[in-house]
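Peer 1: Protein sequences appear in the order of chains A and B. Residue numbering for the first sequence is 5 to 225, as defined by this note's numbering. Residue numbering for the second sequence is 5 to 225, as defined by this note's numbering. Where a beta carbon is used, it is the ideal one built from N, C-alpha and C, also for glycine. No experiment lies behind these values; they were computed from the predicted model shown. Quick one: the structure is below, questions incoming.
There are 2 protein chains.
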Amino acid sequence: MIRLERIEKEYRIGEGSFLALNGIDLTVGKGEFLAITGASGSGKSTLLNILGLLDRPTRGRYVLDGREVSSLDKAERAHHRNRFIGFVFQSFNLLARTSALENAELPLVYSNAEPAARRERARKSLADVGLSSRENHLPTQLSGGQQQRVAIARALVNEPVLLLADEPTGNLDTRTSEEIMDLLTRLNRERELTIVMITHEPSVAAYAGRTIALRDGMIVA
Amino acid sequence: MIRLERIEKEYRIGEGSFLALNGIDLTVGKGEFLAITGASGSGKSTLLNILGLLDRPTRGRYVLDGREVSSLDKAERAHHRNRFIGFVFQSFNLLARTSALENAELPLVYSNAEPAARRERARKSLADVGLSSRENHLPTQLSGGQQQRVAIARALVNEPVLLLADEPTGNLDTRTSEEIMDLLTRLNRERELTIVMITHEPSVAAYAGRTIALRDGMIVA
Ligand SMILES: Nc1ncnc2c1ncn2[C@@H]1O[C@H](COP(=O)(O)OP(=O)(O)OP(=O)(O)O)[C@@H](O)[C@H]1O
Ligand SMILES: Nc1ncnc2c1ncn2[C@@H]1O[C@H](COP(=O)(O)OP(=O)(O)OP(=O)(O)O)[C@@H](O)[C@H]1O
Ligand SMILES: [Mg+2]
Ligand SMILES: [Mg+2]
Numbered sequence: 005m006i007r008l009e010r011i012e013k014e015y016r017i018g019e020g021s022f023l024a025l026n027g028i029d030l031t032v033g034k035g036e037f038l039a040i041t042g043a044s045g046s047g048k049s050t051l052l053n054i055l056g057l058l059d060r061p062t063r064g065r066y067v068l069d070g071r072e073v074s075s076l077d078k079a080e081r082a083h084h085r086n087r088f089i090g091f092v093f094q095s096f097n098l099l100a101r102t103s104a105l106e107n108a109e110l111p112l113v114y115s116n117a118e119p120a121a122r123r124e125r126a127r128k129s130l131a132d133v134g135l136s137s138r139e140n141h142l143p144t145q146l147s148g149g150q151q152q153r154v155a156i157a158r159a160l161v162n163e164p165v166l167l168l169a170d171e172p173t174g175n176l177d178t179r180t181s182e183e184i185m186d187l188l189t190r191l192n193r194e195r196e197l198t199i200v201m202i203t204h205e206p207s208v209a210a211y212a213g214r215t216i217a218l219r220d221g222m223i224v225a
Numbered sequence: 005m006i007r008l009e010r011i012e013k014e015y016r017i018g019e020g021s022f023l024a025l026n027g028i029d030l031t032v033g034k035g036e037f038l039a040i041t042g043a044s045g046s047g048k049s050t051l052l053n054i055l056g057l058l059d060r061p062t063r064g065r066y067v068l069d070g071r072e073v074s075s076l077d078k079a080e081r082a083h084h085r086n087r088f089i090g091f092v093f094q095s096f097n098l099l100a101r102t103s104a105l106e107n108a109e110l111p112l113v114y115s116n117a118e119p120a121a122r123r124e125r126a127r128k129s130l131a132d133v134g135l136s137s138r139e140n141h142l143p144t145q146l147s148g149g150q151q152q153r154v155a156i157a158r159a160l161v162n163e164p165v166l167l168l169a170d171e172p173t174g175n176l177d178t179r180t181s182e183e184i185m186d187l188l189t190r191l192n193r194e195r196e197l198t199i200v201m202i203t204h205e206p207s208v209a210a211y212a213g214r215t216i217a218l219r220d221g222m223i224v225a
């Protein structure tokens, strides 16, 4: 499903540069549930953004489902992102003037489904994360953990084959976190959803089949 | 220092309304370190926003340092917020086109200090949260946990007497969380900084002298 070979990411900043990823080799099989841990600033989000085709590596190869990603054109990358990958952002990235329900429905807008069917799927996705009573709230009318759950619902609504989740329980209490992790576990087992999840909480990483740790842009464990 | 009496907060939404806080009685003494826990959506941020003079209760009284807050005029509330209260927001609220250092310095802009002295204090505040090497980065050039720490540095730079922190370690790994909690503990003990901190992690709440739990807008423990 995923193969990263000697991936490096260098940011230009001012007159200098900073090497955020320093040679990552990683394989993720279909249906795997992988957790990524590591200190603040160690490169986790940078790695996830490359996996999600939101950013390009400076050096190295990324092979996704047998195809080298650097060979995909702009339209193909956008299509992959929309149809096959669900992404939960560390800072949610919800649309501000749009309700929870419309935010959740967004990935379906490009699909061929009827408006009524799309709305129903968005409803179901919000219900799965416990937010049926908050469908019409705008992001400013939602708590932090509710915004986070809308972001999760949006990432899952299009039934992606790969879910990339950046700290999906960072703003959730213990019980709500467990509900979300039970949902992800169920999707991983029943639908073979491949999951790569960043978390800094060991109890959350424990739901994954395997955990890797980043330090200074390298995998150390 | 803080006395809340029968505080209620009702939000208007669409044709109806939602009671987010349903009769809160709370006293916080000077120099206390209080943790607030509770499920996602239970009213924690709403309560903290009222404590921080960012929002007004619908009913009830808030007495801060002996003065009833509803009797303060707009200028007095702004002065209180800037001079006496430090606030760490759940979603950080950093200025996008402004460096980490300038973001940290912002509360001092209204003070009487010289520009050079202000810059030095902001530098120290960033150093205290481990971000000396990131002074010139914009928020988009910072990791999630680094943005969170800039928000903490900004809240502390003006040496407030009251710190209100909404999930200050939500995006931090265990070790960085401990460094931040050690910093807050030190300020609480050495400078008698009064702290009210929302957290969903029991290991973080353990640093506080007392913990209260919210459920459906009421204190239950
Ligand atoms: N402007 C608003 N209009 C309507 N409802 C609102 C508004 N702001 C918040 N709410 C609702 O009030 C409730 C409490 O929100 P609050 O942000 O205080 O929760 P919280 O305890 O901080 O949750 P979390 O742990 O998820 O951050 C939530 O159910 C939320 O949907
Ligand atoms: N656009 C950028 N320009 C320069 N440096 C950057 C940029 N984006 C990120 N960085 C730096 O790259 C490093 C890795 O960032 P990344 O967001 O991947 O960390 P992270 O492991 O997700 O951290 P956290 O746990 O705090 O979210 C950080 O030190 C950050 O300051
Ligand atoms: Mg990150
Ligand atoms: Mg909150």
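(1) Please go through the same chain and pick out, in chain order, the residues whose beta-carbon is closer than 6 Å to the beta-carbon of B:Leu-191, but skip the five residues on each side of it.
(2) Who are A:Ala-169's beta bridge partners in DSSP?
(3) For A:Gly-20, does the count of other Cβ atoms within 10 angstroms reach 16, so buried, or fall short, so exposed?
(4) With 7 Å as the C-beta to C-beta threshold (strictly closer), list the residues of the stretch 17-38 of chain A near chain B in chain order.
(5) Mind listing the chain A neighbours of B:Arg-179? Cutoff is C-beta to C-beta under 8 Å, in chain order.
(6) In chain order, what residues of the same chain lie with their CB nearer than 8 Å to the CB of B:Thr-31, ignoring the 5 residues before and after it?
(7) Looking at the C-beta of A:Asn-53, does it have a partner C-beta in chain B at a distance below 8 Å?
(8) Could you name the residues that DSSP lists as bridge partners for B:Lys-13?
(9) What in chain B is Cβ-close to A:Leu-176, meaning under 7 Å?
(10) Nearest-angstrom Cα distance between B:Ser-74 and A:Ala-217?
(11) Taking 7 Å as the line, does the beta carbon of B:Asn-35 fall inside it for any heavy atom of ligand 2?
(12) Does B:Asn-140 come within less than 8 Å of chain A when only Cβ atoms are used?
(13) How is the alpha helix (DSSP H) around A:Gly-148 delimited, first residue to last?
(14) Using a Cβ-Cβ cut-off of less than 9 Å, give me the residues of the stretch 87-109 of chain B that come near chain A, in sequence order.
(15) Going by CA-CA distance only, name the one from A:Leu-142, A:Glu-36 and A:Gly-47 that's closest to A:Glu-222.
(16) Under the criterion of a Cβ to heavy atom distance below 7 Å, does A:Ser-115 qualify as lining ligand 3?
(17) Under 7 Å between beta-carbons, which chain B residues line up against A:Ser-49? List them in chain order, please.
(18) What number of angstroms, rounded off, separates the C-alpha of B:Asp-170 from the C-alpha of B:Ala-155?
(19) For a quick check, are the C-beta atoms of B:Val-165 and B:Ser-129 less than 8 Å apart?
(20) Can you name the residues of chain A whose CB is closer than 9 Å to the CB of B:Glu-182?
(21) Tell me the DSSP secondary structure of A:Thr-62 in three-state form.
(22) Answer yes or no: does any C-beta atom of chain B fall closer than 8 Å to that of A:Tyr-211?
(23) Find the nearest neighbour of B:His-204 within the set B:Met-185, B:Ala-43, B:Asp-220 and B:Asn-175, judged by alpha-carbon distance.
(24) With B:Ala-104 and B:Ala-209 assumed to form a contact (beta carbons below 8 Å), what rounded beta-carbon distance in angstroms separates them?
(25) Please return the same chain residues whose Cβ sits closer than 7 Å to the Cβ of A:Thr-215, not counting the five positions on each side in sequence.
(26) According to DSSP, simplified to helix, strand and coil, what is B:Val-73?
(27) If you measure from the CB of B:Gln-145, is any heavy atom of ligand 3 nearer than 7 Å?
(28) Closest to A:Ala-108 by C-alpha separation, out of A:Gly-90, A:Asn-116 and A:Gln-94, would be which residue?
(29) Is the beta carbon of B:Ile-28 sitting closer than 8 Å to the one on B:Leu-51?
(30) Does the contact criterion of 3 or more C-beta pairs under 8 Å hold for the stretch 134-152 of chain B versus the stretch 173-182 of chain B?
(31) With a CB to CB cut of under 7 Å and the five nearest residues on each side skipped, what residues in its chain are close to B:Asp-69?
(32) From this set, A:Arg-195, A:Glu-163 and A:Asn-97, which residue's C-alpha is nearest A:Gln-150's C-alpha?
Peer 2: Walking through what the data contain:
(1) Along the second sequence, one-based indexing puts residue 191 of chain B at 187. These residues qualify, in order along the chain: Leu-197.
(2) Here residue 169 of chain A is taken as the residue at index 165 of the first sequence, counted from 1. A:Ala-169 is bridged to A:Val-92 and A:Met-201.
(3) By 1-based counting over the first sequence, the position of residue 20 of chain A is 16. Exposed is the call here.
(4) Ile-17 and Gly-18
(5) For the purposes of this step, residue 179 of chain B is taken as the residue at position 175 of the second sequence. Chain A residues near B:Arg-179: Ala-43.
(6) For the purposes of this step, residue 31 of chain B is taken as residue 27 along the second sequence, with counting starting at 1. Contacts found: Ile-6, Arg-7 and Leu-8.
(7) Locating residue 53 of chain A in the first sequence gives position 49, where the first residue counts as 1. No, its Cβ sits nowhere closer than 8 Å to a Cβ of chain B.
(8) Here residue 13 of chain B refers to the residue found at position 9 when the second sequence is read from its first residue. DSSP, once it has assigned bridges, lists B:Leu-25 as partnering B:Lys-13.
(9) On the first sequence, position 172 is the one that residue 176 of chain A refers to. Correct list: Ser-44 and His-204.
(10) Position 70 of the second sequence, counting from 1, holds the residue named residue 74 of chain B. Position 213 of the first sequence, counting from 1, holds the residue named residue 217 of chain A. Going by the C-alpha atoms only, they are around 50 Å apart.
(11) Here residue 35 of chain B is taken as the residue at index 31 of the second sequence, counted from 1. According to the sequence as given, residue 35 of chain B is Gly; it is not Asn. No.
(12) Locating residue 140 of chain B in the second sequence gives position 136, counting from the first residue. True, the Cβ-Cβ gap to chain A drops below 8 Å.
(13) On the first sequence, position 144 is the one that residue 148 of chain A refers to. From DSSP, the alpha helix (DSSP H) with A:Gly-148 extends over 148-160.
(14) Gln-94, Ser-95 and Phe-96
(15) Along the first sequence, one-based indexing puts residue 222 of chain A at 218. The displayed chain sequence assigns Met, not Glu, to residue 222 of chain A. Out of A:Leu-142, A:Glu-36 and A:Gly-47, A:Gly-47 has the C-alpha closest to the C-alpha of A:Met-222.
(16) In the first sequence, residue 115 of chain A corresponds to position 111, counting from 1. A:Ser-115 Cβ: outside cutoff for every heavy atom of ligand 3.
(17) The sequence position of residue 49 of chain A within the first sequence is 45, counting from 1. Result: Ser-147 and Gly-148.
(18) Here residue 170 of chain B refers to the residue found at position 166 of the second sequence. Here residue 155 of chain B refers to the residue found at position 151 of the second sequence. Each residue's alpha carbon lies about 11 Å from the other.
(19) On the second sequence, position 161 is the one that residue 165 of chain B refers to. On the second sequence, position 125 is the one that residue 129 of chain B refers to. Against a cut-off of 8 Å, the Cβ pair of B:Ser-129 and B:Val-165 comes out as no contact.
(20) Position 178 of the second sequence holds residue 182 of chain B. The premise fails here: B:Glu-182 is roughly 11 Å from chain A at the closest Cβ pair, so nothing lies under 9 Å.
(21) On the first sequence, position 58 is the one that residue 62 of chain A refers to. In this structure, A:Thr-62 counts as coil in the three-state DSSP scheme.
(22) As a first step, residue 211 of chain A is located in the first sequence; it is residue number 207 there, counting from the start. For A:Tyr-211, the answer is no, since every Cβ of chain B falls outside 8 Å of its Cβ.
(23) Here residue 204 of chain B is taken as the residue at index 200 of the second sequence, counted from 1. Comparing Cα-Cα distances from B:His-204 to each of B:Met-185, B:Ala-43, B:Asp-220 and B:Asn-175, the minimum goes to B:Ala-43.
(24) Counting from one through the second sequence, the residue named residue 104 of chain B turns up at place 100. Counting from one through the second sequence, the residue named residue 209 of chain B turns up at place 205. Between B:Ala-209 and B:Ala-104 the Cβ distance is about 28 Å, and since that is not below 8 Å, they are no contact.
(25) Looking up residue 215 of chain A in the first sequence gives position 211. Closer than 7 Å at Cβ, skipping near neighbours: Ala-39, Thr-41 and Ala-209.
(26) Taking the first residue of the second sequence as 1, we reach residue 73 of chain B at position 69. Helix.
(27) Along the second sequence, read from residue 1 onward, the residue named residue 145 of chain B stands at position 141. No; taking the cut-off as 7 Å, the Cβ of B:Gln-145 has no heavy atom of ligand 3 nearer than that.
(28) Residue numbering aside, residue 108 of chain A sits at position 104 when the first sequence is read from its first letter. Cα-wise, what sits closest to A:Ala-108 is A:Gly-90.
(29) The residue given as residue 28 of chain B occupies position 24 in the second sequence. The residue given as residue 51 of chain B occupies position 47 in the second sequence. The answer is yes: Cβ separation under 8 Å.
(30) yes
(31) Within the second sequence, residue 69 of chain B is the residue found at index 65, counting from 1. Contacts found: Met-5.
(32) Stepping through the first sequence from its first residue, residue 150 of chain A is reached at position 146. It is A:Asn-97.
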